[in-house]
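The numbers in the working numbering rise by one with no breaks, and the one at position 3 of the sequence shown is 55.
Quick reminder that beta carbons are idealized off the backbone N, C-alpha and C, glycines included.
None of these values were measured; they are calculated from a predicted model.
Written out below as structure tokens is the structure these notes cover.
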Amino acid sequence: PKKPNSALHKVDRVRLTSGFEITAYIPGIGHNLQEHYALLVREGRIKDLPG
């Protein structure tokens, strides 16, 4: 894309068991995540994400 922030990002709002709500990156090609799925979240930064 011409503009650096115009890509379709694979991110989602995730609520942790501690009650915090974060924006998490979803790696890989495609995903089948649905509501109430259990996820493993790791700490780190991804370049060029919204928020």
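Discussion item. Please report the straight-line C-alpha distance between A90 and L60, rounded to a whole angstrom.
Written reply: 24 Å
Worksheet item: Can you tell me whether DSSP reads Y77 as helix, strand or coil?
Response: strand
Worksheet entry | G82 versus K62: straight-line alpha-carbon distance, rounded | 9 Å
Worksheet item: Which residues in the same chain have their Cβ closer than 7 Å to the Cβ of I78, if we skip the five residues on either side of it in sequence?
Response: K62, V63, D64, L85
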